[in-house]
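So the structure is just underneath, and the comments pick up after that.
2 protein chains.
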Amino acid sequence: MSGYELAKTFDSSIGFFWKADHQQIYRELSKLRDRGHIQGHEVVQSGKPNKLVYTLTQEGRAALRHWGARPSSPPMMKDDLLVRLCALDSFDIEPLRADLMARLEHHRDRYARYERILNKLFPDGKATSVADTGKLLGLRIGLRHEQAVAEWCEEAIETLAAVAKPAPILLLEDTSRESNG
Amino acid sequence: MSGYELAKTFDSSIGFFWKADHQQIYRELSKLRDRGHIQGHEVVQSGKPNKLVYTLTQEGRAALRHWGARPSSPPMMKDDLLVRLCALDSFDIEPLRADLMARLEHHRDRYARYERILNKLFPDGKATSVADTGKLLGLRIGLRHEQAVAEWCEEAIETLAAVAKPAPILLLEDTSRESNG
DNA sequence: CCCGTTATTTACCGTAACGCGAAAAAGTCA
DNA sequence: TGACTTTTTCGCGTTACGGTAAATAACGGG
């Protein structure tokens, strides 16, 4: 692909968990070209400026395989929210609750989106090729993640709602009962 | 705290989802001091070199509150593994499976660890202070996350095991029984 | 012909966040 | 003296990113 094409198709593929604007893509392409991993061929176009289509070289393909065989280190979940939770008593509860509600909506949205893609691409829940298997697994972890976080958001919102109120005199016996008033 | 103390206690607090070595801590402390958010007071020690204990200034506390009220953006889950899944047919399955098995173990470990901390700090599952509430919520999302990912790892390992074998003649009829309502 | 628009690539400038390796300063103990 | 702990600092580098803009190239409208 060319850098332009990559930039356009990025969002709909790995864009769910990785983002890159066009400049970063061009930058990375330059690096890869400098390392000899890819090679650019100008493709003449009519009606548009020519484009530079990159293809993997043999070394590039080898490097890719090599990279794919390396053990991955589980990424840290660096999340502002978690930092705030660590020192919850230093912050105002209300904006945090609002934040959590936005997060909840976000994760529900994502979940629905993944589900839609899943139903569209794998209506019977099965992949027929190796490539599809990978994408299916990607969707599945996405679904699992969004669901887990969304559920946690609900829990956290309730918990914070209880905290935000002036503490009731009775020893908290059932905070999960929702009565707004 | 002093930079040295922060560096030592970092791992046992937020270190689960954020890491920083001593140099980065000193660097950040310098920045905060330059911005007037913290102030260092030398504390004389005997038997050791003196230390520089930092405390929040008023502006620092205000800035912290302000930061805590900002909406957080849900972090991307940038994970090499997911990238590999996106182009699964370009990689060797076996090392990926090995990787997944390591991940599974890792996430199970973390889960057990969080559970141990939970049982130790909150034996009855309830927090008694606002600060504790935050920590409890942090533990809960950790548990949820590790469990979700660990389960997914199991699923992925099975799936990849099926893929790694030469495809059986029978149309794969039962890789995972699933009644998708 | 100038102008606006789209496609395609590049240049330049900046920053946050980090890692590495060292070393400086202060004190202890053998 | 030398080795070792505690505490802090320095100086170098990188990766990954974001912003703004501009340089091409081709089209079409007025």
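Quick note, the sequences are listed as chains V and S, same order.
Heads up: the first sequence runs through residues 1 to 181, numbered per my numbering.
Heads up: the second sequence runs through residues 1001 to 1181, numbered per my numbering.
C-beta: ideal position from N, C-alpha, C; glycine also.
Treat the numbers as computed from the prediction; the structure is a model and nothing was measured.
Which whole-angstrom value is the C-beta distance of residue i and residue j, which I expect to be below 8 Å?
i	j	result
V:I117	V:A164	Not confirmed; about 37 Å, so no contact.
S:C1153	S:R1103	5 Å
V:E151	S:R1144	7 Å
V:K19	S:M1076	7 Å
V:V149	S:I1014	18 Å between Cβ atoms; not a contact.
V:S72	S:D1079	7 Å
S:C1086	V:G134	6 Å
S:H1106	V:P74	6 Å
Give the secondary structure of residue i by DSSP, where H, G and I count as helix, E and B as strand, and everything else as coil.
i	result
S:E1178	Bear in mind that the predicted position of S:E1178 carries a pLDDT of just 45, short of 50, making it unreliable; the figure below should be weighed with that in mind. Correct three-state label for S:E1178: coil.
V:S73	coil
S:G1036	coil
S:W1018	coil
S:G1047	coil
S:P1095	helix
S:G1068	helix
V:K78	coil
V:A112	helix
S:G1125	coil
S:A1087	coil
V:K8	helix
For residue i, which residues does DSSP report across the bridge?
i	result
V:E42	V:L52
S:S1013	The partner list for S:S1013 (beta bridge, DSSP) is empty, contrary to what the question assumes.
Residues in its own chain within less than 8 Å of residue i by CB, not counting five upstream and five downstream?
i	result
V:N50	E42, V43 and V44
V:V130	none
V:T9	M1
V:G36	T57, E59 and G60
V:L160	I93, L96, R97 and L100
V:R108	E146 and A150
With a CB to CB cut of under 7 Å and the five nearest residues on each side skipped, what residues in its chain are close to residue i?
i	result
V:M1	V53 and Y54
S:D1132	none
V:F122	L136
S:Q1147	Y1111
S:A1156	L1100
S:F1091	R1084
V:T128	none
S:A1063	H1037
Which two residues bound the contiguous alpha helix (DSSP H) that contains residue i?
i	result
V:W152	V130 to A164
V:M1	Counting along the chain, V:M1 falls outside any alpha helix (DSSP H), and DSSP gives it neither H nor E.
Using a Cβ-Cβ cut-off of 6 Å (strictly less than) and excluding sequence neighbours within five positions of residue i, which residues of its own chain qualify?
i	result
S:L1032	I1038
V:G3	I25, Y26 and L29
V:S179	Because the pLDDT at V:S179 is just 43, under 50, the model does not fix this residue reliably, and the point stays unresolved.
V:Y114	L139, G142 and L143
S:A1007	H1022 and I1025
V:K48	none
V:G181	Since pLDDT at V:G181 reaches only 28, below the 50 mark, its modelled position is unreliable, and the value read off the structure follows with that caveat. Once the five neighbours on either side are set aside, V:G181 has no close Cβ partner at all.
V:L81	none
Should residue i be counted as a contact of the ligand MG given a C-beta to heavy atom distance under 8 Å?
i	result
V:R108	The ligand MG is absent from the structure shown, which contains no ligand whatsoever.
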